Amino acid sequence: MRTATWLSACAFLFVVYPLAAADEDKKGKDDKFDAAKMVGAWTYVSGEKNGEKLDKDHFKDSKVTITKESITLDGPGGKFVMKYTLDSKKNPVGLSMTMTESPFGAGAKAEGIVEVKDDELKICYAAEGEAPKKFEAKEGSNHHLFVLKRSK
Numbered sequence: 134m135r136t137a138t139w140l141s142a143c144a145f146l147f148v149v150y151p152l153a154a155a156d157e158d159k160k161g162k163d164d165k166f167d168a169a170k171m172v173g174a175w176t177y178v179s180g181e182k183n184g185e186k187l188d189k190d191h192f193k194d195s196k197v198t199i200t201k202e203s204i205t206l207d208g209p210g211g212k213f214v215m216k217y218t219l220d221s222k223k224n225p226v227g228l229s230m231t232m233t234e235s236p237f238g239a240g241a242k243a244e245g246i247v248e249v250k251d252d253e254l255k256i257c258y259a260a261e262g263e264a265p266k267k268f269e270a271k272e273g274s275n276h277h278l279f280v281l282k283r284s285k
């Protein structure tokens, strides 16, 4: 029950505070993932949830701040903080998130993938279950995809 509540909160969080970004180009052997490129302030470019594109109003007055340890989403729906870890051995890079602070409580977990290219960040995660293998959120997948642009 707690997992379902957390996952619902996560889904709400990423609908109201969409997250993501970057091109889905294949990485070459010399193209190592640099986690430091995620650190900074980001704004939403687009979002999609389970096959449904999110309206620009979902992103209004929202911002994302990423540190070496956490992702913070601030917006009209409140503040959401998630600790995260990366698995750079996977391609695309694996992302594990755990909610540490939200209007709905803490403890929810989500698995996903992440990619950074230039000033864009792309995040795709599963509201429940296994992490997605591709940066897509097709209908029936229960995946969420967000594209972000670095704030200037």
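So in my numbering, the last one in the sequence shown is 285, and the numbering has no gaps at all.
Ideal Cβ positions, reconstructed from N, Cα and C, are used throughout, including at glycine.
All values reported here derive from a predicted model rather than from experimental measurement.
For Asp220, same chain residues with a beta-carbon under 6 Å away, outside a window of 5 residues either side, are Gly227 in chain order.
If only complete runs of 3 or more residues are kept, the stretch 201-238 shows the beta strand (DSSP E) at 203-208, 211-220, 226-234, in order along the chain. In this structure, the straight-line span from the alpha carbon of Lys267 to that of Lys196 is close to 24 Å.
In this model, Thr200 and Glu272 are separated by some 31 Å (Cα to Cα).
The DSSP-derived three-state label of Lys193 is coil.
Under DSSP, Glu244 takes part in a beta bridge, and its partners are Ser229, Ala259.
Beta-bridge partners assigned by DSSP to Lys182: Glu185, His277.
When beta bridges are read from the DSSP output, Ala174 appears opposite Thr198. A distance of 7 Å or more separates the beta carbons of Leu278 and Glu202. One Cα belongs to Glu234, the other to Ala243, and the distance between them is close to 14 Å.
Burial state of Gly238 is exposed, judged by a 10 Å Cβ sphere holding fewer than 16 other Cβ atoms.
The C-beta distance from Ser179 to Val249 rounds to 16 Å, too long to fall under 8 Å, and the pair is not in contact.
Here the alpha carbon of Met215 sits roughly 15 Å from the alpha carbon of Val247. Around the beta carbon of Lys189, fewer than 16 other beta carbons lie within 10 angstroms, which makes this residue exposed. Checking the DSSP bridge columns, you'll see Glu253 partnered with Lys282.
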